[in-house]
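**Q** Quick one: structure below, then a few questions.
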Amino acid sequence: MIRSAFFIFLALFPLSLALPAQNFSGGFAFTLPPFDSTSQEFLPNFPRHTISDFVQSAENKFMSNGHPIRFWGVNFTTGACFPDKELSPGIAARMRKMGINLVRFHHMDNPWTSSNASIFNRNGVTTALNTSSLDRFHFLLSNMKEEGIYANINLHVSRTFTEGDGVLYADSILDFGKAVTIFDRQLIDLQKQYAAQLLTTVNPYTNLALVDDPVVAMVEITNENTLYGFWKDDRLQPFSRGGGILSRHADTLDRLWNEFIVGKYQSQSNLMNAWSVEGSSAAEELLKDGGFESGNLNQAWTLERHETAEASMSATAINPYQGNYAARVQVDQITATNWHIQFEQNGASVQKDSAYIIRFYARADATREIQVNSIRNAEPWTWYGGTTIQLGTEWKEYSLSIVPPESNNGLTRVAFIIGGETGTYWFDKVSMTLAQQSGLEDNEDLALGNIRRISYSERFSFHDQRVADMAEFYLKLQRDYYDEMYDYLINTLGVKVPVTGSNAFGGLYEPYTHQGLDYIDDHAYWDHPRFPNVAWSPTDWIINNQSMLSNDYLGTIPGIFGGYQIQSKPFTISEYNHPQPNIYQIEMVPVLAGYGSFHGADGFMFFEYNGGDPADWTTDAQLNYFATHRNTPVMALFPIFSYAFQHGLIQEDQNPILTRYNPLYLNNLAQLDNQGRWGSFYPYDNHLALTSAIKVADFDAPSMDVPVDQISDPPYKTSTGEITCDPRQSTLQIVTPRLECVAGPLNRTFSATQNMEVIQGDKHGVVSWLSLTDDPLNTTEKSVLAIASRFQNQ
-18 MIRSAFFIFL
-8 ALFPLSLALP
2 AQNFSGGFAF
12 TLPPFDSTSQ
22 EFLPNFPRHT
32 ISDFVQSAEN
42 KFMSNGHPIR
52 FWGVNFTTGA
62 CFPDKELSPG
72 IAARMRKMGI
82 NLVRFHHMDN
92 PWTSSNASIF
102 NRNGVTTALN
112 TSSLDRFHFL
122 LSNMKEEGIY
132 ANINLHVSRT
142 FTEGDGVLYA
152 DSILDFGKAV
162 TIFDRQLIDL
172 QKQYAAQLLT
182 TVNPYTNLAL
192 VDDPVVAMVE
202 ITNENTLYGF
212 WKDDRLQPFS
222 RGGGILSRHA
232 DTLDRLWNEF
242 IVGKYQSQSN
252 LMNAWSVEGS
262 SAAEELLKDG
272 GFESGNLNQA
282 WTLERHETAE
292 ASMSATAINP
302 YQGNYAARVQ
312 VDQITATNWH
322 IQFEQNGASV
332 QKDSAYIIRF
342 YARADATREI
352 QVNSIRNAEP
362 WTWYGGTTIQ
372 LGTEWKEYSL
382 SIVPPESNNG
392 LTRVAFIIGG
402 ETGTYWFDKV
412 SMTLAQQSGL
422 EDNEDLALGN
432 IRRISYSERF
442 SFHDQRVADM
452 AEFYLKLQRD
462 YYDEMYDYLI
472 NTLGVKVPVT
482 GSNAFGGLYE
492 PYTHQGLDYI
502 DDHAYWDHPR
512 FPNVAWSPTD
522 WIINNQSMLS
532 NDYLGTIPGI
542 FGGYQIQSKP
552 FTISEYNHPQ
562 PNIYQIEMVP
572 VLAGYGSFHG
582 ADGFMFFEYN
592 GGDPADWTTD
602 AQLNYFATHR
612 NTPVMALFPI
622 FSYAFQHGLI
632 QEDQNPILTR
642 YNPLYLNNLA
652 QLDNQGRWGS
662 FYPYDNHLAL
672 TSAIKVADFD
682 APSMDVPVDQ
692 ISDPPYKTST
702 GEITCDPRQS
712 TLQIVTPRLE
722 CVAGPLNRTF
732 SATQNMEVIQ
742 GDKHGVVSWL
752 SLTDDPLNTT
762 EKSVLAIASR
772 FQNQ
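What follows is the structure, given as structure tokens:
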């Protein structure tokens, strides 16, 4: 006889996130205790694991005591990293009960909380640790160790350097120093100093420094940091030229770039030969009245407005850049969506895979950020290319390159997205032509050290080899940084566990620069909240509120499992969530556990378990977009899917597709990759990740080897036959001998697996059934059934 336990969790949704009250028939109050560590017969058992051996990276797995180990983890952020000591034992014990065996310590170095929620004191200096916070952190680690829970130590995350640290113009360094921390020598040295302070201070509760304590499972050098990715985003120019870095950092890059080119080519003649371009005739202009000399904008241009947005356009003879007129657009009222006001022209024709250059002059009544892009002016609104630029009050020339992935006849839109701020915008000399390449610009001379660093958006205006050299330069800087930090951590500080560089990959160039590190890590979110006006506002946000199961590519899966894994290294996802208030959030647990197992992932860290200033551990409510520790449906599924993942109940693909690349291809990837900083470009069908595991076998192969298969229409089934997703029905099924699961609309008649059928259901949810013995579900005498849906705060 099969014995089962049922968990049905339907509570109320977070009104604290300013979501209007919704009909929630059938909901009822239910809670899971915040510090519960009691044992239940009908839950998977997670006995205390004795941590006595350092985690190692071997045979593309994490190993401990000679055996592979997988991590089902969570993130602690800000104040959660430093809980009051009386809470720490209960926090650790509850996590073990829920199947959590790893905590990623994130935003410990944040600048926005009080001293109690940061590793730094609030005294204008980040070169000394907060001893009170450090003590509470050490105590938490000792309690985690007693429960068999490991730590992932993040080094550079949100540290904001200060003048007190001796950093010149520190208050003008954006994004926590991302990109510039990769090449600024002073900032690299400060990162090393912090690593030494954090990792070599002895924990009084274990009598071990972190470098000597096997409770530390892994170390991350920096978070979501990328030099090449900032190049893709046109951020590596000084503020004065529309970029995002200080002039001194731009000067440093200019100097390093010219040193790189001198080292590679040695002479001006060699450089000219490598970048030489044959002469060509003038390109045909594809836009009409781009100089606005007709005096009537309505002849060729359109001002698109949506909802309550208000704006007007006119030709003005006051201060044009050239000729008699310029275009003037007055934005009087905006909405929460910037594309609700677009100044655009439609009608140009383009050819597939041809490069086009869009050039224009623009200014505004104040410093303002706009977007310019090109798309297909009809469904499915295919993206051709775009960028974000910062306008000043003086006329300035801007340009970007696009490569349409399709041909069209008269269906190309060129648009300026100006619905982000009220104000006045002027445009002149707007042009779109086929790209005409140049090699060296006028007066560029290797001996003078004045070879310009080109922006990513203008790459199609230059010789392919010049662009490839630019890419090679940034990749070398990035790889050199990782290799230097790795050497310092391992050989100077004595770190004994696997180390990785960064995450949130935007292309194959990222794992390429991680070849000298121990494992590969990535991040992904589905329907991450967007904040049109105030960053991280609890009331002013936008989401799509769609199920990822309805997406034809299954949303995040091709991005994280589509081919960034290196065959010889472990692979983790250290941030993952389908954040609140998405009402389909619960599907994230079986999706990540299922496809992560199939692709051979070695660890997940859901973002986040808790955070705050101070972190609230007891209030029975969802208090932010990401926290899971009081998220009843998500926590209800944790024990089942953690057990399935850690014990390998879902098969890994034993015959993955192996890809092979070489530096020549990677240096020329800019010719193909039009995805932007956060896009994931693969040179093959992204549906492959839904049927096969894909791993990089070689980055130094004599020739390229990538799959050419095209995946048929859904449903998509993994090669093991255990996981099936059908975006047409928004469903997911996992069928293994000891675990079966259905996710999606539970009122579908086909919500059935091999041994289980949902006879009657409603709305969107997850039904999972796990054998609690070594026997399969059809013969086991002990099993647990969990039904999870959605919730709201009361």
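As numbered in this note's numbering, the sequence shown has no gaps in its residue numbers, which increase by one up to the final residue, 775. Quick reminder that beta carbons are idealized off the backbone N, C-alpha and C, glycines included.
#1: What are the uninterrupted segments assigned as beta strand (DSSP E) that are 3 or more residues long and contained completely in the region 258 to 331, given in chain order?
#2: Can you check whether the CB of I351 is closer than 7 Å to the CB of R394?
#3: Would you give the residue range spanned by the beta strand (DSSP E) that F52 belongs to?
#4: Quick one: using the 10 Å Cβ neighbour count with 16 as the cut-off for buried, is S257 buried or exposed?
#5: Flag this pair as yes or no: are the beta carbons of A281 and T297 separated by less than 7 Å?
#6: Does the region 320 to 327 come within contact of the region 281 to 295, defined as at least 3 CB pairs closer than 8 Å?
#7: Distance, Cα to Cα, R166 vs E144?
#8: Please state the DSSP three-state secondary structure of K377.
#9: Quick one, which of D423, E589, T108, S623 has its alpha-carbon nearest I50's?
#10: How about N91 and N204: do their beta carbons lie closer than 7 Å?
#11: What three-state label does DSSP hand M586 in the structure shown?
#12: For T405, which residues does DSSP report across the bridge?
#13: Q418 and F443: beta carbons closer than 7 Å?
#14: Do you know how far the Cα of T403 is from the Cα of D690?
#15: Within 8 Å, do at least three Cβ pairs link the region 763 to 770 to the region 742 to 749?
#16: Would you tell me roughly how many angstroms separate the C-alpha atoms of W53 and V572, rounded to the nearest one?
#17: So, with DSSP's three-state summary, where would you put V570?
#18: Checking 7 Å against the spacing of the C-beta atoms, do W212 and Y455 come in under that value?
#19: Check whether the Cβ atoms of G225 and R236 lie closer than 7 Å to each other.
#20: Buried or exposed for N759, please, with buried defined as at least 16 other CB atoms from any protein chain shown within 10 angstroms of its CB.
#21: Have a look at Y534, M586, V615, N605 and flag the residue whose alpha-carbon is nearest the alpha-carbon of S711.
#22: Look at the alpha carbon of F16 and the alpha carbon of M586, and state the distance between them as a whole number of angstroms.
#23: In terms of residues, what are the limits of the alpha helix (DSSP H) holding E721?
#24: Between the Cα of I202 and the Cα atoms of T289, L470, S153, V148, which residue gives the shortest distance?
#25: Assuming W598 and P64 are in contact, meaning their beta carbons sit under 8 Å apart, how far apart are those beta carbons, in whole angstroms?
#26: Specify the secondary structure class of V448 as computed by DSSP and reduced to three states.
#27: From the DSSP output, which residues share a beta bridge with D799?
#28: With the cut-off set at 7 Å, would you say I704 and F579 are in Cβ contact?
#29: Residue range of the alpha helix (DSSP H) that H580 falls in?
#30: Using alpha carbons as the reference points, say which of A176, L645, E721, T316 lies closest to V480.
#31: Using CA atoms only, rank isn't needed, just tell me which of R77, S228, Q775, N206 is closest to G149.
#32: In or out: R103 buried (at least 16 other Cβ within 10 Å) or exposed?
#33: Does the beta-carbon distance from A255 to Q446 come in below 7 Å?
#34: How do the region 661 to 678 and the region 364 to 384 stand: do at least 3 beta-carbon pairs fall below 8 Å, yes or no?
**A** Quick answer:
#1: Taking only runs of at least 3 residues, the beta strand (DSSP E) segments lying wholly in the region 258 to 331 are 283 to 286, 291 to 297, 307 to 314, 322 to 331.
#2: no
#3: 52 to 58
#4: exposed
#5: no
#6: Cβ pair count under 8 Å is three or more, so yes.
#7: CA-to-CA, the gap between R166 and E144 works out to about 16 Å.
#8: When secondary structure is reduced to three states using DSSP, K377 falls in the strand class.
#9: The candidate whose alpha carbon is nearest that of I50 is S623.
#10: no
#11: strand
#12: Q311
#13: Against a cut-off of 7 Å, the Cβ pair of F443 and Q418 comes out as a contact.
#14: 48 Å
#15: Put simply, the region 742 to 749 touches the region 763 to 770. At least three CB pairs are less than 8 Å apart.
#16: Using only the alpha carbons, I get a separation of about 14 Å.
#17: helix
#18: Yes, Cβ-Cβ distance for W212 and Y455 is below 7 Å.
#19: Not closer than 7 Å, so no.
#20: exposed
#21: Y534
#22: 20 Å
#23: Where E721 is concerned, there is no enclosing alpha helix (DSSP H), although the beta strand (DSSP E) it sits in stretches over 720 to 726.
#24: L470
#25: 7 Å
#26: helix
#27: Nothing can be reported for residue 799, as the shown portion of the chain is limited to -18 through 775.
#28: yes
#29: H580 -> no alpha helix (DSSP H), and no H or E assigned at all.
#30: A176
#31: The residue you asked about is not Gly; residue 149 is Leu in the sequence shown. Out of R77, S228, Q775, N206, S228 has the C-alpha closest to the C-alpha of L149.
#32: exposed
#33: In this structure, Q446 lies closer than 7 Å to A255 by Cβ.
#34: In this structure the region 661 to 678 does not lie against the region 364 to 384, because fewer than three pairs of beta carbons, one per stretch, are closer than 8 Å.
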